[in-house]
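Trainee: Right, I'll just put the structure down here and ask away after.
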Amino acid sequence: MSVRKLVCTAAVAAFLVTVTPPAGAVEQSPPDQADALPFAPATQVWATRTLSAQPGQQQPQFLRLDIGQLTPRFVTSDSPATVKITGKIVNVGDRKVSDIVLRLERGESLDTEDDLRKALREPAAAEFIQPKFTEVAEALEPGQQKDFTLEVPLRGSEPTSLAIDKPGIYPILANINGKPDYGGQARLAALSTLLPVLGVPGGETKGKPGAPAKLTVLWPVADRPRLVRLGGEGQSELVDDELATSLSTTGRLYGLLQAYEQAIDSMSTSMCLAIDPDLLRTVQAMSTGYQVRGGGEGRGKAEAKLWLDRLKYAVTGRCVVALPYADADLVALNRAKLATMRTLALTDGPKLIQQILGVQPLPDFVWPEDGVLDQSTFDELVTPLTEPKYAGMKSVLLDPAGLADAPGTGPVGIGGQHPVTAVKIDSMVSDALQGSASRPRTLSGVTTPFENQPVSVQNALSVLVYRAGWQGDGRNVVVAPPRRWNAPLSEMTEFLSAAQRLFGSGYAAQTGLEELTKATPPVTTAKITYPPEAGAREISAPVADSVTRQSVELSGVVAAMQQEDSEHAAPTDLAGPLWLGLLRTMSGAWRANEEGARSAAYISQAELNSLTAMVGVTPPASPILLGSGDSPIPVTITNKLDVRVTVRIVLEDTPGIRKLDLADQVLPARGERVVRVPVEVLRSGRFPVNVRLTTPEGVALGDTVKLEVSSSAYGTITVIVTVIAAIALVLLSGRRIYKRVRARNGEGGGQAPSIENVTPEKSSA
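Residues in the sequence shown are numbered from 491 upward in steps of one, following the numbering used here.
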């Protein structure tokens, strides 16, 4: 055997020894040893995270664990003495898995706020109590699944018991072990969450910590912008038809409203709806019929009408706050110097909510995107304006990350020329409701992207119980779920039910949002801060620049409009929807969604182009013939808008034709005029003349139209040159004739004889 073959054989043998364990070695490892494998369970309760053998490497996934129900979600002394979970196990791998077993483990109680915050970022260890495994299935082939129910005692010494003997917030872990073909027994799937135990059935109950916690819940009703154009019955246009699904009985917005309806009677003081006015306007338009962009008639008319009617009934006499119109990103508007749009976002919404729902929103109050503002934006928001009329914000809802020098949990004052009351969100509860690691945990208010992705509220429910049962002492707990919250109805109901139980047992008391905004803050030295991670999520500069350009164009068009009479439209009637369209482009829903923001900017630009295209030059049916060098060019200009428009006719530079001065023209509403544009033809021939309209401020209107102009006449300059040349020719010819006469008269060599020397001729008789 050659040396090369010996080396190759040795290398292969070494590789096999490295990657192949001895026969039977992995089979001898008990499940408890397998549990020590590196594992990072998901922060979302009902989601499985793939096991990872080493950092940066993913181990093949064999099983998926789906939990359908956990009972009870919140343990009190009158709860059942057992914990029950139901769900299914699915073989998602490429091989059979045998000996599938399940157990519910728990960790030690989380006794401090720091422990809880850490558990929300990365699930806490849950191996303190490891009961006996329970068999779920003998084997599952690839693609097969098996339903299961596991019920374990909360306390006691049974082999499957969780051994909980005192109140606390406990990490629990549903742990699935199995043996895939060609491998050994190992943990193949797991789910982690928190279980709040306020009272142990048949045992100890947590005592009330002094004064009850003051609980306030702000319930958001918002969506990403979808309205393209508002029209009459059946004429409004939406960018897609996803709202039809969301408003249906199984949809997200329907679930939000239903959870609110079920809870409001027992939480009438503590609960307040936060409504996006743009969503309200969109649903109202849908309720009369609508079109989908590029897709024909919308299918959600009945769902929209039912949802809107139920919302009107549910909010009667209740607390409501208006989000900025289209949930506009106030910081991004301020950075783009769009002050008029920012004021519109804050003033148009409350009027619309009152008009549609018949309820007055909480006045002079703002809840900004992510619950944070920079100092410049804050200063603009709180400063009153006389034109347009704007009273300035008197109270604001902020994440604690957006405040400095603001101790405690109650409202604080932000001093200055215009003092403001800042109400603080409980970031630990609100961030737990987020249920996603897709953004920093220091902010509140961002949705998961898809409605079919469930988000459990179990961790948030546990934190809420901790706030009331272990901290209490009259602290304020203001809960603000994500703006476009995406939890299933069952999860929302569980959370609100837990709040109601805390009220009923005296651990928490209802506190209204209006009460907080009108309170006299004990601290008046708080300051505004803007976290760097919030700045990184703002609307991008290219999108903001596009909106700025569009706003300049729209302002120029509005400045050129005048109302014809009381029976015709006013300029604001035509421009108002476009301003709102620009606000949709600057919606906070597009934070960290560049594609969505660019698409919205494209739609708003298209709507602006549709408006300016209503005024323009009408192409002539035939070439234009000019009879003389100073004949004007007839140009037909048309206005299809319901307002008067002042326009300027612009002729592009054309060799052979010079445009003379022409005053701006006023086009009547829905009118047409033929304007004779004075020109000077410098030579005969055929000329392509490009004509367009602009506003007096230079905003382009309509398309550029090419006119074919023909002229066989001389221009004025040509005539003048010809006349001068003719005069010069006559003068030169006269001079030449004169010289010739003089030359002829001088040919005899002297002067003619005098008459005195001539003898008269005699006549015959």
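C-beta: ideal position from N, C-alpha, C; glycine also.
1) Would you give the residue range spanned by the beta strand (DSSP E) that Ile915 belongs to?
2) Roughly how many angstroms separate the alpha carbons of Thr1122 and Leu1101, rounded to a whole number?
3) Which of helix, strand or coil does DSSP assign to Ala1233?
4) I believe Lys669 touches Thr650 by the beta-carbon criterion, under 8 Å. Please report the beta-carbon distance rounded to the nearest angstrom.
5) Which ranges does the alpha helix (DSSP H) cover as unbroken runs of at least 4 residues, wholly within the region 798-856, from first to last along the chain?
6) Give the straight-line distance between the Cα atoms of Asp522 and Ala680, rounded to the nearest whole angstrom.
7) In this structure, does DSSP put Phe993 in helix, strand or coil?
8) With burial defined as no fewer than 16 other Cβ atoms inside 10 Å of the residue's Cβ, what is the status of Ile579: buried or exposed?
9) What is the DSSP secondary structure of Pro661, counted as helix, strand or coil?
10) Using three-state DSSP, classify Val1189 as helix, strand or coil.
11) Over what stretch of residues does the beta strand (DSSP E) that includes Ala679 continue unbroken?
12) Label Leu1219 either buried or exposed according to how many other C-beta atoms from any shown protein chain fall within 10 Å of its C-beta, with 16 as the threshold for buried.
13) Once the 5 residues before and after Pro858 are set aside, which same chain residues still bring their CB inside 6 Å of it?
14) Leaving aside the five residues before and after Ser1036 along the sequence, list all residues of the same chain whose C-beta is less than 6 Å from its C-beta, in chain order.
15) Quick check for students: name the residue ranges of the beta strand (DSSP E) that lie wholly in the region 1057-1115, counting only runs of 3 or more.
16) Measure the C-alpha to C-alpha separation of Pro1061 and Ser1045 and round it to an integer number of angstroms.
17) Span of the beta strand (DSSP E) holding Phe868?
18) Name the residue from Ala1096, Asp1120, Lys1130 and Pro1124 whose alpha carbon lies nearest to the alpha carbon of Met1104.
19) Can you give the Cα-Cα distance for Gly577 and Pro978, rounded to whole angstroms?
20) Which complete alpha helix (DSSP H) runs does the region 998-1040 hold, if anything under 4 residues is left out?
21) Can you list, in chain order, the residues of its chain whose CB lies under 6 Å from that of Asp1154, leaving out five sequence neighbours each side?
22) Per DSSP, what kind of secondary structure is Val1167 in: helix, strand or coil?
23) Quick one: what's got a C-beta closer than 7 Å to Gln1040's C-beta in the same chain, skipping five residues either side?
24) Is it buried or exposed for Pro520, if we count other Cβ within 10 angstroms and need 16 for buried?
25) Using a Cβ-Cβ cut-off of 6 Å (strictly less than) and excluding sequence neighbours within five positions of Val707, which residues of its own chain qualify?
26) Taking Thr1007 as the reference, give the member of Arg957, Ser987 and Leu888 with the closest Cα.
27) Between Gly745 and Ile765, what straight-line distance do the alpha-carbon atoms span, to the nearest angstrom?
28) For Glu793, which residues in the same chain have their Cβ closer than 7 Å to its Cβ, ignoring the five residues on either side in sequence?
29) Taking the C-alpha atoms as reference points, what is the distance between Arg563 and Phe868?
30) Where does Asp604 land, buried or exposed, given buried means 16+ other C-beta within 10 angstroms?
31) Decide if Arg719 is buried, meaning its Cβ has at least 16 other Cβ atoms within 10 Å, or exposed.
32) From Tyr660, Leu610 and Asp671, pick the residue whose C-alpha is nearest to that of Gln551; which is it?
33) Starting from Gly786, follow its DSSP beta bridges and name the residues at the other end.
34) Within the chosen definition, does the region 640-654 reach the region 682-695 through at least 3 CB pairs nearer than 8 Å?
35) What number of angstroms, rounded off, separates the C-alpha of Asp838 from the C-alpha of Tyr815?
36) Starting from the C-beta of Glu617, find all residues in its chain whose C-beta is less than 8 Å away, skip the five residues before and the five after it, and write them out in chain order.
Mentor: Quick look at the numbers:
1) Here residue 915 corresponds to residue number 425 of the sequence shown, with the count starting at 1. Here Ile915 belongs to no beta strand (DSSP E), and DSSP marks it neither H nor E.
2) Reading the sequence shown from its first residue, position 632 is the one you call residue 1122. Reading the sequence shown from its first residue, position 611 is the one you call residue 1101. Note that residue 1122 corresponds to Pro in the displayed sequence, not to Thr. For Pro1122 and Leu1101, the distance between alpha carbons rounds to 30 Å.
3) Here the question's residue 1233 lines up with position 743 in the sequence shown. Correct three-state label for Ala1233: helix.
4) As a first step, residue 669 is located in the sequence shown; it is residue number 179 there, counting from the start. As a first step, residue 650 is located in the sequence shown; it is residue number 160 there, counting from the start. In this structure Lys669 is not in contact with Thr650, their Cβ atoms being roughly 21 Å apart against a cut-off of 8 Å.
5) 820-825 and 829-847
6) Residue numbering aside, residue 522 sits at position 32 when the sequence shown is read from its first letter. Residue numbering aside, residue 680 sits at position 190 when the sequence shown is read from its first letter. The predicted model places Asp522 with a pLDDT of 37, which falls under 50 and marks its position as unreliable, so this point remains unresolved.
7) Working through the sequence shown from its first residue, we reach residue 993 at position 503. In the structure shown, Phe993 sits in a helix (DSSP, three-state: H, G or I).
8) The count along the sequence shown starts at 1 and reaches residue 579 at position 89. Buried, because 16 or more other Cβ atoms sit within 10 Å of the Cβ of Ile579.
9) Against the sequence shown, residue 661 aligns to sequence position 171. Correct three-state label for Pro661: strand.
10) As a first step, residue 1189 is located in the sequence shown; it is residue number 699 there, counting from the start. DSSP places Val1189 in coil when its eight states are reduced to three.
11) Taking the sequence shown and counting its residues from 1, one reaches residue 679 at position 189. Ala679 -> beta strand (DSSP E) spans Ala676 to Val687.
12) Along the sequence shown, one-based indexing puts residue 1219 at 729. Exposed, by the Cβ-count rule.
13) In the sequence shown, the residue the question calls residue 858 occupies position 368. Taken in chain order, the residues that qualify are Leu820.
14) As a working note, residue 1036 is residue 546 in the sequence shown. So the list reads Ala1091, once near-sequence residues are dropped.
15) DSSP runs (the beta strand (DSSP E)) wholly in the region 1057-1115: 1105-1108.
16) On the sequence shown, position 571 is the one that residue 1061 refers to. On the sequence shown, position 555 is the one that residue 1045 refers to. Going from the Cα of Pro1061 to the Cα of Ser1045 covers about 11 Å.
17) Along the sequence shown, read from residue 1 onward, the residue named residue 868 stands at position 378. Phe868 -> not in any beta strand (DSSP E); alpha helix (DSSP H) instead, spanning Gln865 to Val872.
18) For the purposes of this step, residue 1104 is taken as the residue at position 614 of the sequence shown. Per the Cα distances, Lys1130.
19) What you label residue 577 is simply residue 87 of the sequence shown in a count that begins at 1. What you label residue 978 is simply residue 488 of the sequence shown in a count that begins at 1. Their Cα atoms are separated by approximately 16 Å.
20) 1003-1007 and 1022-1025
21) Position 664 of the sequence shown, counting from 1, holds the residue named residue 1154. In its chain, beyond the 5 residues on either side, Thr1136, Arg1138 and Pro1186 have a beta carbon closer than 6 Å to the beta carbon of Asp1154.
22) For the purposes of this step, residue 1167 is identified with residue 677 of the sequence shown, where counting begins at 1. Correct three-state label for Val1167: strand.
23) Indexing the sequence shown from 1 puts residue 1040 at position 550. Leu1072, Ser1094, Gln1095 and Leu1098, listed in sequence order.
24) For this step, residue 520 is matched to residue 30 along the sequence shown. Note on Pro520: pLDDT 36, under 50, position unreliable in the model; no value is reported.
25) By one-based count along the sequence shown, residue 707 stands at place 217. The answer, listed in chain order, is Ser760, Met761 and Val969.
26) As a first step, residue 1007 must be located in the sequence shown, where it is residue number 517. Cα-wise, what sits closest to Thr1007 is Leu888.
27) Residue 745 sits at position 255 when you count from the first residue of the sequence shown. Residue 765 sits at position 275 when you count from the first residue of the sequence shown. Going from the Cα of Gly745 to the Cα of Ile765 covers about 15 Å.
28) Within the sequence shown, numbered from 1, the residue matching residue 793 stands at position 303. So the qualifying residues of the chain are Ala734, Leu737 and Ser738.
29) Position 73 of the sequence shown, counting from 1, holds the residue named residue 563. Position 378 of the sequence shown, counting from 1, holds the residue named residue 868. Each residue's alpha carbon lies about 40 Å from the other.
30) One-based indexing of the sequence shown puts residue 604 at position 114. By the 10 Å Cβ count, Asp604 comes out exposed.
31) Taking the first residue of the sequence shown as 1, we reach residue 719 at position 229. It counts as buried.
32) As a first step, residue 551 is located in the sequence shown; it is residue number 61 there, counting from the start. The option with the nearest alpha carbon to Gln551 is Asp671.
33) The residue labelled residue 786 in the question sits at position 296 within the sequence shown. Looking at the DSSP assignment, Gly786 forms a beta bridge with Val782.
34) When C-beta atoms of the region 640-654 are compared with those of the region 682-695, three or more pairs fall below 8 Å, so the two segments count as touching.
35) Within the sequence shown, the letter at position 348 stands for residue 838. Within the sequence shown, the letter at position 325 stands for residue 815. Cα to Cα, the separation comes out at about 7 Å.
36) Numbered from 1 along the sequence shown, position 127 holds the residue referred to as residue 617. Once the five neighbours on either side are set aside, the close Cβ partners of Glu617 are Asp525, Glu595, Gly597 and Leu663.
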